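Residue numbers (this note's numbering): 778 to 1035. We put the CB at the ideal spot given by N, CA and C, even for glycine. The structure presented is a predicted model; accordingly, all values stated were derived computationally and were not measured. Okay, so here's the structure we're looking at.
Structure follows, in structure tokens:
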């Protein structure tokens, strides 16, 4: 059972998240707070496994609230926000994922899956899975042969029903695994899901262009154009910022990636 706390100054937002969490049999809500000051005190006592935290709150914001907790007592965190840019320091506060408000059901399910994977390691005093846990190679069938594809050579992955298509240079390989399951096994410092139907290797992104609905258009280095959904933009923006060692910014204008 995963013990979860919820911190958000908006009662309706808390109610919406609670309703979604109630659909998961292995989740139990142990506490909820309406401000960062009360939450910092309460979480130190309740000691949940996972906390959903609103980033923007009056008084002490969500990031400051997490930072106030001793590292050894800090739960895994999933951040909630109405904006799609963050301080890179969030990664130092055990932030597993970012959910844009209003929270999308599929994205919340993905975030909980990440927590389920990370918690066994956290309970062994490791904040994240060891590097060896990430997928290094894919075993794929090519005719009568079995081919090992190095994950480092994969440029992007596209959903294809119960399968996923690996794009490697000009070649494609079909893997019998759903995209959502693959996303959880890939190193987030290297790969990021940008849409329900696609995962991209970060070093293949050449440009982000903001769209009017808060989605973004990605241009890869080979000229491929992909749409990045607004629900995946916070994690993508943070991953790119962390990779480049600069503060994360929302792509209001065309952004070229070094």
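{"Check": "Check residue 998 in the structure and name its three-state DSSP category.", "Outcome": "coil"}
{"Check": "In chain order, what are the residue ranges of uninterrupted alpha helix (DSSP H) at least 4 long that sit wholly in the segment 926 to 1014?", "Outcome": "956 to 962"}
{"Check": "Select from 993, 962, 988, 986 the residue whose C-alpha is nearest the C-alpha of residue 971.", "Outcome": "993"}
{"Check": "Which whole runs of the alpha helix (DSSP H) in the segment 794 to 855 are 4 residues long or more, in chain order?", "Outcome": "813 to 823, 839 to 844"}
{"Check": "By a C-beta neighbour count over all protein chains shown, 10 Å radius and 16 as the cutoff for buried, is residue 949 buried or exposed?", "Outcome": "exposed"}
{"Check": "Name the DSSP bridge partner or partners of residue 1037?", "Outcome": "The structure shown does not extend to residue 1037, since the chain is modelled only from 778 to 1035, so the question has no answer here."}
{"Check": "Got a sec? Which residues, its chain only, sit under 8 Å from residue 796 by beta carbon, not counting five neighbours each side?", "Outcome": "none"}
{"Check": "Going by DSSP, which residues form a beta bridge with residue 874?", "Outcome": "855"}
{"Check": "If you check the beta carbons only, do residue 1090 and residue 832 fall under 8 Å apart?", "Outcome": "A question about residue 1090 goes unanswered here, because the residues of the chain that appear run from 778 up to 1035."}
{"Check": "Please state whether DSSP places residue 913 in a helix, a strand or coil.", "Outcome": "coil"}
{"Check": "For residue 780 versus residue 813, is the C-beta spacing smaller than 8 Å?", "Outcome": "no"}
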